[in-house]
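Engineer: End of the sequence shown sits at 267 in the working numbering; the numbers just go up one at a time, nothing left out.
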Amino acid sequence: MNLNGKICVITGGASGIGLEIARVFAEAGGIVAIADLNSDGAQEAARNLGDEHLGIAMDVTDEATVQRGVEQVIAAHGRVDVLVSNAGIQMVKRVEEFSYDEWRKVVSIHLDGAFLTSRAVLPGMYQRGSGTILYMGSVHSQEASALKAPYVSAKHALMGLARTIAKEGGPKGVRTNVICPGFVKTPLVEKQIPEQARDLGISEQEVVSKVMLGETVDNEFTTVDDIARTALFLASFPTNALTGQSIVVSHGWRMD
Ligand code: NAD
Numbered sequence: 012m013n014l015n016g017k018i019c020v021i022t023g024g025a026s027g028i029g030l031e032i033a034r035v036f037a038e039a040g041g042i043v044a045i046a047d048l049n050s051d052g053a054q055e056a057a058r059n060l061g062d063e064h065l066g067i068a069m070d071v072t073d074e075a076t077v078q079r080g081v082e083q084v085i086a087a088h089g090r091v092d093v094l095v096s097n098a099g100i101q102m103v104k105r106v107e108e109f110s111y112d113e114w115r116k117v118v119s120i121h122l123d124g125a126f127l128t129s130r131a132v133l134p135g136m137y138q139r140g141s142g143t144i145l146y147m148g149s150v151h152s153q154e155a156s157a158l159k160a161p162y163v164s165a166k167h168a169l170m171g172l173a174r175t176i177a178k179e180g181g182p183k184g185v186r187t188n189v190i191c192p193g194f195v196k197t198p199l200v201e202k203q204i205p206e207q208a209r210d211l212g213i214s215e216q217e218v219v220s221k222v223m224l225g226e227t228v229d230n231e232f233t234t235v236d237d238i239a240r241t242a243l244f245l246a247s248f249p250t251n252a253l254t255g256q257s258i259v260v261s262h263g264w265r266m267d
């Protein structure tokens with residue numbers, strides 16, 4: 012699987028899953044632009060990959076920084092071939108405890124961020140008649156868990172966005188797919204373990220073995236490498252046969 016000089020923008024690429032996707036894409040011959048709210052982290056990650064890779068300051072919920080960031084990539088490399096819309100956060104509490112601001116923040120980073128970054132790259136992709144967009148969904152794009160209402164809602168909504176762009180973009184050579192990871196031990200998940208233990212009144216060990224991994228086939232975490240390899244497979248797939256789909260990567264948690 013080779014990316015052959017494809018220009019790849021990865022949001023949320025300064026940490027966790029996005030960081031590993033950037034590494035694997037660069038190793039496969041892609042030129043990556045790591046776009047993150049954490050601008051220092053994005054720049055450091057890009058520096059570690061080599062000179063042609065870019066670190067970009069971007070808040071995916073802010074139209075102006077999204078537009079500027081994509082323009083920066085186009086100024087440096089002429090185009091965007093692959094977008095991985097991956098930036099995300101999690102907040103864990105019961106529906107009635109969420110403030111409206113908290114709800115909007117979670118939904119906005121996942122869903123508005125996916126819309127704004129897609130909207131910024133699509134015109135160029137349509138002009139060239141080719142492009143790939145990957146959305147970082149979750150098993151929570153297909154299934155709910157208690158305490159995660161805005162996250163589950165936004166991750167479900169990403170399926171709708173991906174399928175719509177698959178239909179609009181298909182005739183113009185643009186495809187979209189959704190990757191749905193199970194639990195991956197990144198800062199986003201590490202933070203949830205004590206929070207869920209407190210909210211559910213159980214031990215941290217029980218959160219891991221029952222709540223997070225209880226429905227896997229082997230009680231194992233999915234890894235950043237598992238997800239990055241799936242992203243590489245989808246990004247380097249040569250035709251539009253594979254579009255509008257979601258792929259669950261979760262040690263068997265949620266089988267379709
Ligand atoms: P992470 O916390 O390690 O990384 C998230 C990155 O997103 C960080 O670098 C952060 O700075 C960035 N970010 C946050 N808000 C942003 C914004 N407004 N604009 C730009 N960047 C922003 O988390 P992760 O676990 O690597 O998660 C990456 C994606 O994978 C998320 O969409 C998450 O929902 C999804 N996911 C994670 C898991 C898991 O178990 N870790 C499971 C399923 C899906």
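Just so it is clear, CB atoms sit at the ideal spot from N, CA and C, and this is done for glycine as well.
Counting Cβ pairs closer than 8 Å, one from the segment 140 to 147 and one from the segment 181 to 193, do we hit at least three?
Structural biologist: Enough Cβ pairs lie closer than 8 Å, so yes.
Engineer: Would you call GLU31 buried or exposed, if buried means 16 or more other Cβ atoms sit within 10 Å of its Cβ?
Structural biologist: Burial call: buried.
Engineer: Are there any heavy atoms of the ligand NAD lying less than 7 Å away from the beta-carbon of SER149, as far as the coordinates show?
Structural biologist: At least one heavy atom of the ligand NAD is nearer than 7 Å to the Cβ of SER149, so yes.
Engineer: Among residues of its own chain, excluding the 5 on either side of ALA173, which ones have a beta-carbon nearer than 6 Å to its beta-carbon?
Structural biologist: For ALA173, where only same-chain residues beyond five positions count, the Cβ hits under 6 Å are TYR146, THR187, VAL189.
Engineer: May I ask whether a heavy atom of the ligand NAD can be found less than 7 Å away from the beta carbon of ASN59?
Structural biologist: No, Cβ of ASN59 sits at least 7 Å from all heavy atoms of the ligand NAD.
Engineer: Sorry if obvious, but does the Cβ on ALA98 come closer than 7 Å to a heavy atom of the ligand NAD?
Structural biologist: Yes.
Engineer: Less than 7 Å separating the Cβ of ASP210 from some heavy atom of the ligand NAD?
Structural biologist: Incorrect: ASP210 has no Cβ contact closer than 7 Å to the ligand NAD.
Engineer: I'd like to check one pair, THR233 with GLY193: are the Cβ atoms closer than 8 Å?
Structural biologist: Yes, the pair counts as a contact, with Cβ atoms nearer than the cut-off.
Engineer: Roughly how far, in whole angstroms, is the beta-carbon of LEU158 from the beta-carbon of GLN207, given that I think they are within contact range, below 8 Å?
Structural biologist: With 8 Å as the limit, LEU158 and GLN207 qualify as a contact, their Cβ atoms being about 7 Å apart.
Engineer: List the endpoints of the continuous alpha helix (DSSP H) containing MET170.
Structural biologist: Note, MET170: alpha helix (DSSP H), 160 to 180.
Engineer: Roughly how many angstroms separate the alpha carbons of VAL228 and LYS221, rounded to a whole number?
Structural biologist: If you take the alpha carbons of VAL228 and LYS221, they lie about 12 Å apart.
Engineer: How big is the Cα-Cα spacing for LEU122 and VAL195?
Structural biologist: Distance between the alpha carbons of LEU122 and VAL195 is about 20 Å.
Engineer: What whole-angstrom Cβ distance do PHE36 and LEU14 have, given they're in contact under 8 Å?
Structural biologist: Confirmed, about 6 Å.
Engineer: Would you say the beta carbon of ASN230 comes nearer than 7 Å to a heavy atom of the ligand NAD?
Structural biologist: The answer is no for ASN230.
Engineer: For ASN59, which three-state DSSP category applies?
Structural biologist: The answer is helix: DSSP assigns ASN59 an H, G or I state.
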